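Undergrad: Following this message is one structure expressed as structure tokens.
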Amino acid sequence: MKLLSVKEIAGLEADGRQVTVKGWVRTKRAVKSAVFLEVNDGSRLSNLQCVFESPEGEMAEELAKAGTGASVAVEGILIPSPAAGQRFEVRASSCRVIGEAPADSYPLQKKAHSMEFLREIAHLRPRTNTFGAVARVRNRMAFAIHEFLQAKGFNYIHTPLITASDAEGAGAMFQVTTLDLDRLAKSGGSVDYSKDFFGKPAYLTVSGQLNVETYCQALSRVYTFGPTFRAENSNTSRHLSEFWMIEPEVAFAELSDNMELAEDFLKHLVRTALCDCAEDLAFFDERIQSGLIESLKAVLDKPFAHMTYTEAMAILEQSASAFEVKPYWGLDLQSEHEKFLCEKIAGGPLFLTDYPKEIKSFYMKQNADGKTVRAMDLLVPRFGEIIGGSEREERLDLLEKRILELGLNLDAYGWYLDLRRFGTTPHSGFGLGFERLMLYVTGMANIRDVIPFPRAPRLADF
RNA sequence: UCCCCUGUAGCUCAGCUGGCAGAGCAAGUGGCUGUUAACCACUGGGUCCCUGGUUCGAACCCGGGCGGGGGAGCCA
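Each position in the first sequence, counted from 1, maps to that position plus 3 in this note's numbering.
The following block contains the structure:
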């Protein structure tokens, strides 16, 4: 008999047909005349209830071993359930315990656990309702990202994870080396990077943007989707040292095109989650964040709000007394300001544009006012920035000038500047933090709980 | 990196002014005519994070260290 998943079995007619189910026991409940086994194989949130009527002999012995966490194979017939709680169930004729999970040492119990505790057992937490649901939604969102961009003719470009260009300028980097650090430390001498693997210092990438821009200037519509690394000593519920980022880049696109793409993109992802992950989202709505589904649906209903930095600052200054940090033009927006703007003023996602050039990256296109750049951040309620992007500076002279103003090394950007020397075009792109999307869609509170194995300062277990 | 909170049974926590270590859940045993976060009864279960100090006496007070959480900054 072909093995069907619980999800596949759930799609069958409960007409007494023979089925086999293999999975892990979530709970076992016994009454005098029957044993109820809830089996889950991760194919969906709901368990499959398997009923053993008056088990005796070998079957009773097997069931005794089938505690929470044990892997089992159950055979029986699929029938409509006579009791409330589930539409169908398996009337089991046999149970085989494949791998026991001794109750006195198996960490997961048939009760709720704290997120903090589950983080300590990251190898077992996917067996919980919450982390199973997170994994399924994460999978669906990853696929939806490709679906959306591919349908729009974007090419998926694999940008490097190791970079020796030292020109990305988006934060502290992890160094990659094969030098013998212990021996170097003992010798007390200086480091000779010509002896290192790449013949010069190398790092893990903090962004694929600069690399993907090169392919943008040939294939027009491109994106990267991969891991990025930041060695910042950030200890928050919104930052990881290793996280995944989607970075589309579009040739001949201006900032307004960029925002239109970002809005369509985010709405597509939210719509897909609501549609294809309904059971998991209902769980998040009930157990993790009340009102989640309603707020996601509301996102689809209306266009995102838009505001320039200068407009936003004027609004913030009117409510200056509400803030710890007093707002003034030129200040980089604080978390409290971002939350105020999208929660109190916009009541949903909010695009902020045209930031002062001093608080944004060198590659962003300078406005005619000489003060601001064509940057855009998409802020969302609950945690602020989910997308950061800009129209890029395509004018060689202005880009070179900005690099020098910031004290950066012009030579390091040689290949990047070539894109402006040869057939330059206006172009725009943005970065969407995948785990921040996951926080947004699932309502989970901590970014460490929406990635299987979180990496953060002093956290690299498993 | 900074600020605040926190560390007690497998888990979640209580433990008052320093005076014999507690509860709920989980587990085990028994009961229960279909349970579904099952229910009822009973039972077992402790390096009170580590370390130094104060004290007749420390889970409790003080110093140091380590871990966890929340917030801030950096950002996606």
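Positions of the beta carbon are idealized from the N, C-alpha and C atoms, including for glycine. No experiment lies behind these values; they were computed from the predicted model shown.
1) Quick one: Cα of residue 345 to Cα of residue 46, how far?
2) Do residue 413 and residue 397 have their C-beta atoms within less than 8 angstroms of each other?
3) In the DSSP assignment, find the beta strand (DSSP E) that holds residue 205 and state where it starts and stops.
4) Provide the residue span of the alpha helix (DSSP H) that contains residue 278, from first to last.
5) Helix, strand or coil: which one does DSSP assign to residue 358?
6) Would you kindly work out how many angstroms separate the C-alpha atoms of residue 35 and residue 237, rounded to a whole number?
7) Classify residue 418: buried if its beta carbon has 16 or more other beta carbons within 10 angstroms, exposed otherwise.
8) Between the alpha carbons of residue 178 and residue 204, how many angstroms are there, rounded?
9) Going by the beta-carbon positions, is the gap between residue 101 and residue 76 smaller than 8 angstroms?
10) Spell out a yes or no on whether the region 183–200 and the region 128–145 are touching, meaning 3 or more CB-CB pairs, one atom from each, closer than 8 angstroms.
11) Give me the residue from 90, 357, 96 and 385 with the minimum Cα distance to residue 373.
12) Consider the C-beta atom of residue 184 and the heavy atoms of the ligand HEM; say whether any pair is separated by less than 7 angstroms.
13) Exposed or buried, what is residue 142 when buried is set at 16 or more other beta-carbons lying within 10 Å of its beta-carbon?
14) With distances taken between CB atoms, is the gap from residue 43 to residue 60 smaller than 8 angstroms?
15) Spatial neighbours of residue 79 within its chain, please: C-beta separation below 7 angstroms, excluding the five flanking residues on both sides.
16) Between the alpha carbons of residue 265 and residue 99, how many angstroms are there, rounded?
17) Just tell me which of 393, 151 and 71 has its CA closest to the CA of residue 114.
18) Does the distance from the CB of residue 243 to the CB of residue 454 come in under 8 angstroms?
19) Alpha carbon to alpha carbon, how far is residue 337 from residue 66?
20) First and last residue of the beta strand (DSSP E) that includes residue 309?
21) In angstroms with no decimal places, state the Cα-to-Cα distance between residue 250 and residue 313.
22) Would you kindly work out how many angstroms separate the C-alpha atoms of residue 119 and residue 276, rounded to a whole number?
23) Within the same chain, show all residues whose beta-carbon is closer than 8 angstroms to that of residue 138, passing over the 5 residues directly before and after it, in chain order.
24) Could you tell me which of 146, 211, 261 and 388 sits nearest to residue 165, measuring between CA atoms?
25) To the nearest angstrom, how far is it from the Cα of residue 161 to the Cα of residue 215?
26) Given that a residue counts as buried once 16 or more other Cβ atoms are within 10 Å of its Cβ, and exposed if not, what is residue 331?
TA: For this structure:
1) As a first step, residue 345 is located in the first sequence; it is residue number 342 there, counting from the start. As a first step, residue 46 is located in the first sequence; it is residue number 43 there, counting from the start. Approximately 36 angstroms between the Cα atoms of the pair.
2) Along the first sequence, one-based indexing puts residue 413 at 410. Along the first sequence, one-based indexing puts residue 397 at 394. In this structure, residue 413 lies away from residue 397, with their beta-carbon atoms at least 8 angstroms apart.
3) Position 202 of the first sequence, counted from the start, is the residue given in the question as residue 205. First-last of the beta strand (DSSP E) with residue 205: 205–207.
4) Indexing the first sequence from 1 puts residue 278 at position 275. Element bounds for residue 278: 258–279.
5) The residue labelled residue 358 in the question sits at position 355 within the first sequence. In this structure, residue 358 counts as strand in the three-state DSSP scheme.
6) Looking up residue 35 in the first sequence gives position 32. Looking up residue 237 in the first sequence gives position 234. Approximately 55 angstroms, taken between the alpha carbons.
7) The sequence position of residue 418 within the first sequence is 415, counting from 1. By the 10 Å Cβ count, residue 418 comes out exposed.
8) Position 175 of the first sequence, counted from the first residue, corresponds to residue 178. Position 201 of the first sequence, counted from the first residue, corresponds to residue 204. When rounded, the distance between both Cα atoms is 7 angstroms.
9) Reading the first sequence from its first residue, position 98 is the one you call residue 101. Reading the first sequence from its first residue, position 73 is the one you call residue 76. Yes, they are a contact pair.
10) Verdict: no, contact absent.
11) Stepping through the first sequence from its first residue, residue 373 is reached at position 370. Its Cα nearest to that of residue 373, the residue 357 stands out among 90, 357, 96 and 385.
12) By its list of ligands, the structure shown contains no ligand whatsoever, and the ligand HEM lies outside what it can speak to.
13) For the purposes of this step, residue 142 is taken as residue 139 along the first sequence, with counting starting at 1. Here residue 142 is exposed: its Cβ has fewer than 16 other Cβ atoms, across all protein chains shown, within 10 Å.
14) Translated into positions along the first sequence, residue 43 becomes position 40. Translated into positions along the first sequence, residue 60 becomes position 57. No, the Cβ-Cβ distance between residue 43 and residue 60 is not below 8 angstroms.
15) As a first step, residue 79 is located in the first sequence; it is residue number 76 there, counting from the start. Hits under 7 angstroms: 22, 53, 93, 94, 95 and 96.
16) On the first sequence, residue 265 is found 262 positions in, with the first residue counted as 1. On the first sequence, residue 99 is found 96 positions in, with the first residue counted as 1. Going from the Cα of residue 265 to the Cα of residue 99 covers about 51 angstroms.
17) In the first sequence, the residue the question calls residue 114 occupies position 111. Comparing Cα-Cα distances from residue 114 to each of 393, 151 and 71, the minimum goes to 71.
18) Locating residue 243 in the first sequence gives position 240, where the first residue counts as 1. Locating residue 454 in the first sequence gives position 451, where the first residue counts as 1. Against a cut-off of 8 angstroms, the Cβ pair of residue 454 and residue 243 comes out as a contact.
19) Your numbering for residue 337 matches position 334 in the first sequence. Your numbering for residue 66 matches position 63 in the first sequence. Looking at the two C-alpha atoms, the distance is approximately 57 angstroms.
20) On the first sequence, position 306 is the one that residue 309 refers to. Residues 308–311.
21) The residue you call residue 250 lines up with position 247 of the first sequence. The residue you call residue 313 lines up with position 310 of the first sequence. So the two alpha carbons sit approximately 26 angstroms from each other.
22) Along the first sequence, read from residue 1 onward, the residue named residue 119 stands at position 116. Along the first sequence, read from residue 1 onward, the residue named residue 276 stands at position 273. Just so you know, the alpha carbons of residue 119 and residue 276 end up roughly 26 angstroms apart.
23) Locating residue 138 in the first sequence gives position 135, where the first residue counts as 1. The beta carbon of residue 138 sits closer than 8 angstroms to the beta carbons of 45, 129 and 455 from its chain, once the five residues preceding and following it are set aside; these are given in chain order.
24) Position 162 of the first sequence, counted from the first residue, corresponds to residue 165. Checking every option, the nearest Cα to that of residue 165 belongs to 211.
25) Sequence index remark: in the first sequence, residue 161 carries index 158 (1-based). Sequence index remark: in the first sequence, residue 215 carries index 212 (1-based). Roughly 8 angstroms separates the two Cα atoms.
26) Counted from its first residue, the first sequence places residue 331 at position 328. Residue burial is scored here from C-beta neighbours: residue 331 has fewer than 16 other C-beta atoms within 10 angstroms and is therefore classed as exposed.
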